[in-house]
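Peer 1: I am attaching a structure below and will ask some questions about it afterwards.
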Amino acid sequence: MGRTPVSIGKKEDGHCISFESFAYLNLGYTPDRELGPGEIVIVTPEEARTLVKPGEDMKICTFLWVYYGYPSSSYEGVSVEKMRCNCGALLARRDDASPDNVAGVPDSGIAHAIGYSNESGIPFSRPFVKYTPTWPRSFMPTIQSKRNLIAKMKLIPVHDLIQNKSLLLIDDSIVRGTQLRETTEFLYHSGAKEVHIRPACPPILYGCKYLNFSRSTSEMDLITRRIIREMEGEGKYVNLSAYSNPETPEYQEMVRRIEVQLNFTSLRYHRLDDMMESVGIDKSKLCTYCWDGKE
253 MGRTPVSIGK KEDGHCISFE SFAYLNLGYT PDRELGPGEI VIVTPEEART
303 LVKPGEDMKI CTFLWVYYGY PSSSYEGVSV EKMRCNCGAL LARRDDASPD
353 NVAGVPDSGI AHAIGYSNES GIPFSRPFVK YTPTWPRSFM PTIQSKRNLI
403 AKMKLIPVHD LIQNKSLLLI DDSIVRGTQL RETTEFLYHS GAKEVHIRPA
453 CPPILYGCKY LNFSRSTSEM DLITRRIIRE MEGEGKYVNL SAYSNPETPE
503 YQEMVRRIEV QLNFTSLRYH RLDDMMESVG IDKSKLCTYC WDGKE
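If you're matching positions, the sequence shown starts at 253 in this note's numbering and goes up one per residue.
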């Protein structure tokens, strides 16, 4: 189904293959093409020859653009950085908040925040900067306390851009909620008056059953599922489709409770239709399972 990309680069004396299209650019290769769903290619120094043609059906992971992908990569011809700017702009069009500044959680939230700022006219700022030496990506460890420690230690505050400010903060997503809650408390303790949270994707309702990006072992790790259990009761069948539709009272109450539990001044998620529009390819080719449960 082509859920993850494979990109082929070429130069005069050979070919290379990479998950990320940017990986070989500084090595003198130029982009040749991306493999299609189910395509099989034999690669030699002289050629990249297709043995099995690509299928028609594709379900590439939308989260590649929202979070996992490197900013200078492209998938299906769509730049990760450009998509994130588009995503932030569409998020701003539906928002009515009036903060002093817009900021992004580094690194993946930055381009979303720039897009929001450009669209809304609200100034972009960097109230914290990221210190990366020795620290891996914070979602990788299996132990929650270690994930929280890494996320905390990588962010260094810029107090002059925080004190007495109303901030609108964009992160790529809310999964468990623990790291963003700590980031919010970190901003309050540094003097922020308000912290409005705007995730760049809809509420995550399902654990991914196709790719192994997340270290979550249970869907109850998701803050949405814990809140829904709190609302519906233990052991009951729940129609989760009501919680993926922004127009329903169930969705709105879920968001309100997440806002209160994580101590946000306000919380507004991105809409699924707007997020998919910001990618810009045929929506039938995008996997959205973690948001709407559709195969």
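Virtual Cβ for every residue (Gly too), placed ideally from N, Cα, C.
Being a predicted model, the structure only gives us computed values, none of them experimental.
#1: Pick helix, strand or coil for Asn571, following the three-state DSSP scheme.
#2: Which residues does DSSP list as the beta-bridge partners of Ser326?
#3: Quick check: is the beta carbon of Glu286 nearer than 7 Å to any beta carbon in chain B?
#4: Rounded to a whole number of angstroms, what is the C-alpha to C-alpha distance between Met483 and Ile475?
#5: With Lys417 and Asn353 assumed to form a contact (beta carbons below 8 Å), what rounded beta-carbon distance in angstroms separates them?
#6: Whose CA, out of Tyr458, Gly290 and Val427, lies closest to the CA of Gly545?
#7: For the beta strand (DSSP E) that Glu286 lies in, which residues bound it at each end?
#8: With DSSP as the reference, identify every bridge partner of Lys263, one or two as the case may be.
#9: Return yes when the Cβ of Gly321 is within less than 7 Å of the Cβ of Val332, no when it is not.
#10: DSSP puts Lys382 in a beta bridge; with which residues?
#11: Quick test of your reading: Arg523 and Pro498, contact by CB under 8 Å. State the CB separation rounded to the nearest angstrom.
#12: Where do the ends of the alpha helix (DSSP H) carrying Ile510 lie?
#13: When the Cα of Ile533 is compared with those of Leu303, Ile312 and Pro289, which residue comes out closest?
#14: Between Leu421, Cys542 and Ser425, which has its C-alpha nearest Cys460's C-alpha?
Peer 2: Here's the rundown:
#1: Because residue 571 is not part of the residues shown, which for the chain are 253 to 547, the question remains open.
#2: The residue labelled residue 326 in the question sits at position 74 within the sequence shown. Ser331, per the DSSP bridge assignment.
#3: The structure shown contains no chain B; it is built from a single protein chain.
#4: Within the sequence shown, numbered from 1, the residue matching residue 483 stands at position 231. Within the sequence shown, numbered from 1, the residue matching residue 475 stands at position 223. Rounded to whole angstroms, Met483 to Ile475 spans 12 Å at the Cα level.
#5: Taking the sequence shown and counting its residues from 1, the one referred to as residue 417 is at position 165. Taking the sequence shown and counting its residues from 1, the one referred to as residue 353 is at position 101. Sure, about 6 Å apart at Cβ, within 8 Å.
#6: Position 293 of the sequence shown, counted from the first residue, corresponds to residue 545. If we check each option's Cα against that of Gly545, Tyr458 comes out closest.
#7: The sequence position of residue 286 within the sequence shown is 34, counting from 1. Where Glu286 is concerned, the enclosing beta strand (DSSP E) starts and stops at Thr282 to Glu286.
#8: Position 11 of the sequence shown, counting from 1, holds the residue named residue 263. BP columns for Lys263 point to Gly266.
#9: Residue numbering aside, residue 332 sits at position 80 when the sequence shown is read from its first letter. Residue numbering aside, residue 321 sits at position 69 when the sequence shown is read from its first letter. Cβ distance < 7 Å, so Val332 and Gly321 count as in contact.
#10: The residue you call residue 382 lines up with position 130 of the sequence shown. BP columns for Lys382 point to Leu407.
#11: Walking along the sequence shown from the start, residue 523 turns up at place 271. Walking along the sequence shown from the start, residue 498 turns up at place 246. Contact between Arg523 and Pro498 holds, since their C-beta atoms are separated by about 6 Å, short of 8 Å.
#12: Within the sequence shown, residue 510 is the residue found at index 258, counting from 1. From DSSP, the alpha helix (DSSP H) with Ile510 extends over Pro501 to Gln513.
#13: Translated into the one-based positions of the sequence shown, residue 533 becomes position 281. Comparing Cα positions, the closest option is Ile312.
#14: Counting from 1 along the sequence shown, the entry for residue 460 is found at position 208. Of all alpha-carbon atoms in Leu421, Cys542 and Ser425, the one lying nearest the alpha-carbon of Cys460 is that of Cys542.
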